[in-house]
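Shown next, in structure tokens, is the structure this report addresses.
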Amino acid sequence: MEYRFLSKKGVASFVTGLLKEFRVYGPVKKDGFPMYGEIASPDELNLLHTPTHLSPKQYLFPPKETLLKFKSVAPTSPFIPLQRGTPFLSPSGGGQGEEIAPVVEAYNQALFGVHPCDIHAIRLLDRVFAYGTPDANYLKRRERTVIIGIDCLPDKHCFCKSVNTMKAESGFDIFLHDIGSGFLAEIGTQKGKELLFKYTKTRRATLKEASKIDIFQKKKAESFTSSINAEASTLPLLYSGSYSSPVWEKIGKICYGCGSCNNVCPTCYCFDVRDEIKANLTEGERYRVWDACLLEDFAKVAGGHNFRKTRAERLRHRFNRKFQYQVDRFGGLFCVGCGRCIRTCLVHINIVEVTNELIEESNRKP
């Protein structure tokens, strides 16, 4: 691994250079809270941030995005509104007389100041959206994205150490380590190296400077106050054996079913697809929006049947998606330990505490 030293001013110069050819998104303070936003100057960045409210996932998989636009060129429109507020694209005519244009909005963008947990989350999303039928919108956007990570210290809700996401060893173009006198830039890709050399002055890091990374990592590992009381590799088996646990009913009684935890999670990727037709009834667009498995209507199907009707069932499903189901499918835990769901939950449901309760329950079994 190659490390380059750059000064604090060198980081500012680097960001200024990136702004010439990328839209740059990074952690900024909005109303006193760390949030990701587009910046116009390096002075706007807050690199000492705790995890942002929403992850940088939003720039690869937006909360709402248009997938295609359509319009009728037939003498009579095939678009029939079934009822007020529920537009429907009639299949009559076999699609003749219609123009359909896929929409892929992608541009050069740089995600700056991404924490290790979020880098791990993006790598998981890369697998998801490349799986089966590749998602053109996500993959095109990902192809044009540069990721500049930065190390961090945990707050009281972080537990990335427990799920092995405390360090990022890949998935970035450049990763910054603050060593006090400046930054060490860890080169992750050739593209990252070229950008670094193009826009700022660096020198090869000394062994003494590089050793400060290990010192920081030790300090970081000792700073966690929240942790899961089991090895990450044992969690899929734990959850598979806890399907009938009374824990689900207990937390289901207090859960609002609001979906806040889904919306802030960096690895949730479920979406709903909707059609919206203009008042002229001859053109419109199809778009997708984030969906949430904690919402009551998420698992409702034709005829009104809901195969996860209770909040307890929906909570159990969400937790198992993070610790069991997706492991079988994609080969890794889908919880990266960022703690966003804990910070956001209105009734203080804590994924670490729930998991530890399941561990205690499992240990009591004969």
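Read in order, the letters of the sequence shown are residues 4 to 369 in our numbering. All C-beta atoms, glycine included, are put in the ideal place defined by N, C-alpha and C.
Check: DSSP three-state assignment for Ser263, whether helix, strand or coil; Outcome: helix
Check: Spatial distance of Ala139 from Glu360 (CA atoms); Outcome: 41 Å
Check: Cα-Cα separation between Phe337 and Glu47, rounded to whole angstroms; Outcome: 31 Å
Check: For Asp176, the nearest candidate out of Gly195, Arg145, Gly306, Cys344 (CA to CA); Outcome: Gly195
Check: Which residues DSSP lists as bridging Gln112, in chain order; Outcome: Arg26, Thr148
Check: Contact belief for Gly260 with Glu234 at Cβ below 8 Å, rounded distance in angstroms; Outcome: No, Gly260 and Glu234 are not in contact; Cβ-Cβ is about 31 Å, not under 8 Å.
Check: Contact the region 107-126 vs the region 146-163: 3+ CB pairs below 8 Å; Outcome: yes
Check: Whole-angstrom C-beta distance between Cys258 and Arg314, which should lie under 8 Å; Outcome: 5 Å
Check: Completely contained alpha helix (DSSP H) runs for the region 164-225, where each covers 4 or more residues; Outcome: 193-202, 210-224
Check: Beta strand (DSSP E) segment containing Lys3, residue limits; Outcome: The first residue shown for the chain is 4 and the last is 369, placing residue 3 beyond what the model contains.
Check: Neighbour-count burial assignment, Ile218, 16 or more Cβ in a 10 Å radius; Outcome: exposed
Check: heavy atom of the ligand GDP below 7 Å from Gly29 C-beta; Outcome: This structure lacks the ligand GDP, and indeed carries no ligand of any kind.
Check: Leu9 - partner residues in DSSP beta bridges; Outcome: Phe186
Check: Sub-8 Å separation of Phe25 and Tyr272 beta-carbons; Outcome: no
Check: Span separating the alpha-carbon of Gly98 from that of Glu316; Outcome: For Gly98, the predicted structure reports a pLDDT of 48, less than 50, and the residue's modelled location is therefore unreliable. A value from the coordinates is still provided. Cα to Cα, Gly98 sits roughly 40 Å from Glu316.
Check: For Leu85, the three-state DSSP class (helix, strand or coil); Outcome: Here Leu85 scores only 42 on pLDDT, less than 50, and its place in the model should not be relied on; the value that follows carries that caveat. Leu85: coil per DSSP, three-state reduction.
Check: Cβ contact check for the region 226-243 and the region 26-37: 3 or more pairs under 8 Å; Outcome: no
Check: Sub-8 Å separation of Arg289 and Asp278 beta-carbons; Outcome: yes
Check: Gly342 classed as buried or exposed, judged by whether at least 16 other C-beta atoms fall within 10 angstroms; Outcome: buried
Check: Separation of Ala188 from Arg207, as counted between CA atoms; Outcome: 10 Å
Check: DSSP three-state assignment for Phe36, whether helix, strand or coil; Outcome: strand
Check: 8 Å Cβ cutoff met for Phe326 and Tyr246; Outcome: no
Check: Nearest neighbour of Gln329, chosen from Lys72, Gly20, Tyr134, Leu142 [CA to CA]; Outcome: Tyr134
Check: Reduced DSSP category for Ile122 - H, G, I as helix; E, B as strand; rest coil; Outcome: helix
Check: Where the alpha helix (DSSP H) through Ile157 begins and ends; Outcome: Note on identity: in this sequence residue 157 is Pro, with Ile being the wrong assignment. Note, Pro157: premise wrong, no alpha helix (DSSP H); not H, not E.
Check: Same chain only: Cβ atoms within 8 Å of Lys11, ignoring 5 sequence neighbours per side; Outcome: Gly185, Phe186
Check: Buried or exposed by the 16-neighbour rule on C-beta atoms within 10 Å, applied to Thr358; Outcome: buried
Check: Beta-ladder partner(s) of Tyr290, from DSSP; Outcome: Thr69, Arg277
Check: Three CB pairs or more closer than 8 Å across the region 38-45 and the region 54-64; Outcome: yes
Check: Leu85 versus Val106 - alpha carbon distance; Outcome: With a pLDDT of 42 at Leu85, under the threshold of 50, the predicted position of this residue should be treated as unreliable, though the coordinate-derived value follows. Answer to the nearest angstrom: the Cα atoms are 26 Å apart.
Check: Test item: CB-CB of Phe200 and Gly191 under 8 Å; Outcome: no
Check: Contact under 8 Å by Cβ, Thr203 with Ser44; Outcome: no
Check: Expected contact under 8 Å - CB spacing of Cys120 and Gly255 to nearest Å; Outcome: In fact, because the Cβ distance is near 27 Å, the residues do not count as touching under 8 Å.
Check: Beta-carbon proximity check, Val166 vs Ala113, cutoff 8 Å; Outcome: no
Check: Residue burial classification, Ser173 (beta-carbon count within 10 angstroms, cutoff 16); Outcome: exposed
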